[in-house]
Amino acid sequence: MSELNASNLRKEHGNEGPDLVGLTELTSPYFMVPPSGSTGDRPQNPEKGTLRFNTDSGSLEYFKGDTLGWETINRYSPNLNGGARGLFMGGSNPSGATNEIDYITIPTLGDAVDFGDLTAARKQGAAYSSRIRGLYFGGVTPSAVDTIDYVTISSTGNATDFGNLTTVRLGNPGGIANSIRGLSGGGEDPSNTDIIDYITIAQTGNAVDFGNLTAVKQGVGGGGSSTRGLFGGGHPGPKNTIDYVTIPTTGNAADFGDLSQARRNMGTGQTSNSVRHIFYAGNTPTVVNTIDYVTIATLGNAVDFGDSSGVVEQASGMASPTRAVWGGGNESDPTMINTISYVEIATTGNTSDFGDISSSIHSGAAGCSNAHGGL
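My numbering puts the sequence shown at residues -15 to 359.
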């Protein structure tokens, strides 16, 4: 290996640097500044492994490939009072729609604790989250709304108004997020819709059009990684299709594969780590205990993971890098449950008992966390 010492390297013509071929070692007592720019300035079709600094997110990112897109490089260990935190937001209890927010510490076991309240009692909405903020959007109050609320996950307290969706949304739309964006897909407005819109989580404001699902549907399960978002199942049908989008871009969803069983009203929340997404139980239209999963970076059909401890639909889901958790739901309308169950994402198998939520939240409750696979 040869050694080259220089303070500035340029090609003979133009502003590009020379090509470095073979094993090249760069050392300096100071620092190296990579290329930088906004998300919109990303180069088109770069080489795999291209490295740059994203001025929008304030982080390094690299290009994984044509279908996988850009991956943010994070040095982050979600840790809050012993571990990652998950929220149960809104939904219904035996008295009707609720504004309750509960929280759990995902790596431990135990009952949920009161966090605060939404700005209004709502059901049939959904949620997405970054490491900092958890957001609940849409739902019924009893009128359909386009409201987006947010909380700071590391604290406790009541939600604050964030902005509005592009249209009113109920019917359990799917919610997905990475550290920058939150996307909502499907639901009712009040007819079944294929709308996908997005927000920038760190800023308050209204949602912007992203594109469309492959079909109109409500009761959609959402999740994914930092680059790829999935919307699975739904109604009318129920459907077995899984759609995917590339979160940092905009555009219409494409076909990913199929669920092992056509279902709607699966666990609402991003129950993914960076590798796998898990689809939980639901309605075929018979309420079932099916759990299946996909490998997010590939395309293909879902594979059997195990079974929930009982049949359940409309549960609230959340995840850490290792554990997926679901709480509440209903065994059959109007029979509600308040149990919380979990699985270890890297394995397969049936759920285990985690604890209980503070009330029998069911229809339209939504879950989120500060440690899911999109972060």
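A virtual CB, placed ideally from N, CA and C, is assigned to each residue, including glycine. Keep in mind that this is a model prediction, so the values were computed, not measured.
Beta strand (DSSP E) containing residue i: first to last residue?
i	result
Ala238	238 to 247
Phe146	144 to 148
Ser336	336 to 340
Tyr14	First-last for Tyr14: undefined, no H or E at that position.
Met73	69 to 73
Ala265	260 to 267
Arg36	35 to 38
In terms of DSSP beta bridges, what is residue i paired with?
i	result
Phe47	Trp54
Val97	Tyr87
Ala308	Ala303, Val327
Glu297	Asn314
Asp288	Asp276
Val135	Gly118
Val124	Lys107, Ala128
Thr234	DSSP lists no partner for Thr234.
Leu167	Ile160, Tyr182
Ser79	Its beta-bridge partners do not exist; DSSP assigns none.
Lys223	Arg247
Leu154	Glu172
Thr252	Ser300
For residue i, name the three-state secondary structure that DSSP assigns.
i	result
Asp193	strand
Thr23	helix
Thr177	coil
Leu214	strand
Ala111	strand
Gly159	strand
Val271	strand
Asn322	coil
Asn63	Residue placement at Asn63 is poorly supported in this model, since its pLDDT is 44, which falls under 50; the coordinates still yield a value, given next. Looking at Asn63 - three-state DSSP - the assignment turns out to be coil, as it is neither helix nor strand.
Val200	coil
Asn354	coil
Gly207	strand
Leu102	strand
Thr92	coil
His346	coil
Just checking my contact of residue i with residue j at CB under 8 Å: how many whole Å lie between their CB atoms?
i	j	result
Gly290	Asp95	Between Asp95 and Gly290 the Cβ distance is about 24 Å, and since that is not below 8 Å, they are no contact.
Ala128	Tyr120	Actually they are not in contact, since the Cβ atoms of Ala128 and Tyr120 sit about 14 Å apart, beyond 8 Å.
Ala355	Ser292	Not confirmed; about 22 Å, so no contact.
Ile137	Arg106	Incorrect: roughly 19 Å between the Cβ atoms, too far for contact.
Thr39	Ser20	6 Å
Gln254	Gly311	Not quite, the Cβ-Cβ distance comes to about 14 Å (not below 8 Å), so this is no contact.
Gly169	Ala349	Not quite, the Cβ-Cβ distance comes to about 18 Å (not below 8 Å), so this is no contact.
Ser113	Cys352	4 Å
Ala286	Ser244	5 Å
Arg165	Ile179	That pair is no contact at about 15 Å.
Gly171	Gly235	The Cβ separation is near 19 Å, so there is no contact.
Quick one: does the C-beta of residue i sit closer than 6 Å to a heavy atom of the ligand NAD?
i	result
Gly203	No copy of the ligand NAD appears in this structure; indeed no ligand is present at all.
- Task: Examine the Cβ distances between the region 248 to 256 and the region 153 to 163 and report whether three or more of them are shorter than 8 Å.
- Result: Proximity of the region 248 to 256 to the region 153 to 163 meets the contact definition, three or more beta-carbon pairs being nearer than 8 Å.
Exercise for review: Count the CB pairs spanning the region 254 to 264 and the region 277 to 287 that are closer than 8 Å, and state whether there are at least three.
Suggested key: Output reads yes: the region 277 to 287 touches the region 254 to 264.
Practice problem: Examine the Cβ distances between the region 208 to 215 and the region 182 to 196 and report whether three or more of them are shorter than 8 Å. | Solution: Counting Cβ pairs under 8 Å, fewer than three are found: no touch.
contact_flag[the region 128 to 148, the region 216 to 228] where n(CB pairs < 8 Å) is 3 or more: No, the region 128 to 148 does not touch the region 216 to 228.
Taking 8 Å as the cut-off, does the region 95 to 104 touch the region 138 to 146 (at least 3 CB pairs, one atom from each stretch)? Three or more Cβ pairs drawn from the region 138 to 146 and the region 95 to 104 lie within less than 8 Å of each other, which places the two stretches in contact.
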